[in-house]
Amino acid sequence: MAETLSYAQAVTYNRHIVLPQIDLQGQEALLNARVLIIGSGGLGCPAAQLLCSSGVGLLTLVDDDKVAVSNLPRQFLFSRAQVGQFKVYAARDRLHELNPDCQINAINTRLDDDALIQHIREHDLVLDCTDNPASRKQINALCYQQQRPLISGAAIRFEGQLLMVDPVNRSPCYQCISRLFTEQALSCVEAGIFAPVVAAIGTQQAHVGLLWLMGKKVLPAGQLLTYDGLTLTWQQFNVPTDPQCAVCQPETK
Ligand SMILES: [Zn+2]
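Going by the numbering used here, the letters in the sequence shown line up with residues 28 to 280, in that order.
Written out as structure tokens, the structure is:
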């Protein structure tokens with residue numbers, strides 16, 4: 028049965044609830060939502076913080092990395108004292124302080140397909156906050172197979188991008204757009220990343236995700252949103268479905 032907001036929770040989320048576009052109904056949808064966040068780095072930190080503080084009922088964090096000093100400029104769930112700890116445990120502790128009403132599951136291993144499928148099935152929405160194309164393609168394919176909505180984010184240097192994938196309505200997918208770019212072989216370690224850019228993309232993932240959980244599709248599935256941090260420009264593109272896509276057009280295989 029769906030949970031309803033307590034009086035204390037209604038006080039906490041008052042500034043949301045007074046918005047007619049959210050109201051009690053929208054806030055209760057967040058309370059009953061389960062979100063899987065894969066990656067607890069520069070995208071995952073702002074995304075998890077906003078989903079937690081905004082009243083999502085359950086978050087599962089997945090990351091096998093440990094906190095490093097070079098993470099601290101962007102990954103602001105972590106403190107200098109937590110360097111060397113697993114990111115998911117450090118993030119869980121900080122998020123629990125922020126909002127004890129939000130249940131946090133922390134998984135500190137890299138999941139194989141079978142384990143990832145199990146977790147995808149147990150959540151309403153997946154945020155891809157990983158930092159490499161191979162993981163993004165894996166998560167995209169499994170979300171499509173399991174018919175779970177996915178918000179895929181990426182950032183490098185001064186550039187960021189965001190894509191909403193809606194398998195139930197057969198939207199274009201991350202695999203469809205990945206052919207439009209040269210394979211991004213560089214990581215942020217080699218190429219660099221400007222902290223506010225990755226924070227902006229992680230924040231947008233939370234923004235789009237929170238509204239999606241309330242039934243509001245502000246970023247239509249299959250639209251690619253890009254951000255240029257040197258001109259402060261957001262652009263939105265229609266992604267064409269790749270008719271040969273092995274993920275979202277399986278009947279053509
Ligand atoms: Zn596709």
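Glycine residues also receive a C-beta, built at the ideal position from the N, C-alpha and C atoms. Just so it is clear, the structure is predicted and the values come from calculations on it, not from any experiment.
Residue span of the alpha helix (DSSP H) that contains residue i, given as start and end
{"i": "A142", "result": "D140 to R148"}
{"i": "S80", "result": "G71 to S80"}
{"i": "D91", "result": "Unbroken run through D91: none, as it is neither H nor E."}
{"i": "T39", "result": "Y34 to T39"}
{"i": "L46", "result": "Premise fails: L46 is in no alpha helix (DSSP H) and is neither H nor E."}
{"i": "D120", "result": "K114 to L125"}
{"i": "P247", "result": "Run containing P247: none; DSSP gives neither H nor E here."}
{"i": "N167", "result": "P160 to Q173"}
Exposure label - residue i; buried when at least 16 CB within 10 Å
{"i": "Q271", "result": "exposed"}
{"i": "M28", "result": "exposed"}
{"i": "G294", "result": "Within the shown structure, residues of the chain are numbered from 28 to 280, placing residue 294 beyond reach of any answer."}
{"i": "W239", "result": "buried"}
{"i": "P47", "result": "exposed"}
{"i": "P208", "result": "Residue 208 is actually Phe in this sequence, not Pro. The residue is exposed, with fewer than 16 neighbouring Cβ atoms inside 10 Å."}
{"i": "Y34", "result": "exposed"}
{"i": "D141", "result": "exposed"}
{"i": "L246", "result": "buried"}
{"i": "L51", "result": "exposed"}
{"i": "A273", "result": "exposed"}
{"i": "R148", "result": "exposed"}
Contact with chain C by residue i, beta-carbon distance below 7 Å
{"i": "S97", "result": "The structure shown has no chain C; it contains just one protein chain."}
Residue interval of the beta strand (DSSP E) (run including residue i)
{"i": "D155", "result": "L152 to D155"}
{"i": "T230", "result": "No beta strand (DSSP E) contains T230, which is instead part of the alpha helix (DSSP H) from A222 to L240."}
{"i": "E186", "result": "E186 to V192"}
{"i": "A60", "result": "That residue, A60, is in no beta strand (DSSP E); it is neither H nor E in DSSP."}
{"i": "S179", "result": "L177 to I183"}
{"i": "N132", "result": "Q130 to I134"}
{"i": "T260", "result": "T260 to N265"}
{"i": "Q202", "result": "Run containing Q202: none in the beta strand (DSSP E); it sits in the alpha helix (DSSP H), Y201 to S205."}
{"i": "L252", "result": "Q250 to D255"}
Spatial neighbours of residue i in its chain, beta-carbon cut-off 6 Å, leaving aside the 5 residues before and after
{"i": "F264", "result": "L251"}
{"i": "G256", "result": "F185, F221 and V224"}
{"i": "P194", "result": "Y171 and Q174"}
{"i": "A181", "result": "Q188"}
{"i": "F113", "result": "K93 and N135"}
{"i": "L63", "result": "T87, H146, H150 and V153"}
Inter-residue CB distance, residue i and residue j (contact presumed, cutoff 8 Å)
{"i": "N132", "j": "T87", "result": "4 Å"}
{"i": "C79", "j": "L125", "result": "6 Å"}
{"i": "P199", "j": "C275", "result": "6 Å"}
Contacting residues, own chain, Cβ-Cβ under 7 Å from residue i (five flanking each side not counted)
{"i": "H123", "result": "I131"}
{"i": "T31", "result": "E55"}
{"i": "N196", "result": "A248"}
{"i": "N59", "result": "A29, E30 and G84"}
{"i": "L99", "result": "F105 and R107"}
{"i": "Y201", "result": "R163, K164, N167, S179, L190 and V192"}
{"i": "Q262", "result": "T253"}
{"i": "L143", "result": "L169"}
Contacts around residue i, its chain only, beta-carbon distance under 8 Å, and the 5 residues preceding and following it disregarded
{"i": "I204", "result": "L190, L251 and V266"}
{"i": "R101", "result": "G68, G69, C72, I220, A222, V225 and A226"}
{"i": "A218", "result": "I183 and R184"}
Between the segment 101–110 and the segment 135–153, are three or more C-beta pairs nearer than 8 Å?
no
Can you tell me which residues fall inside 5 Å of ligand 2, judged by beta-carbon distance to its nearest heavy atom, and keep chain order?
With respect to ligand 2, the structure shown offers nothing to examine, as its ligands consist of ligand 1.
State whether the segment 225–241 contacts the segment 160–168, with contact taken as three or more CB pairs (one from each stretch) at a distance under 8 Å.
no
Between the segment 117–127 and the segment 70–78, can you find at least three pairs of beta-carbon atoms closer than 8 Å?
yes
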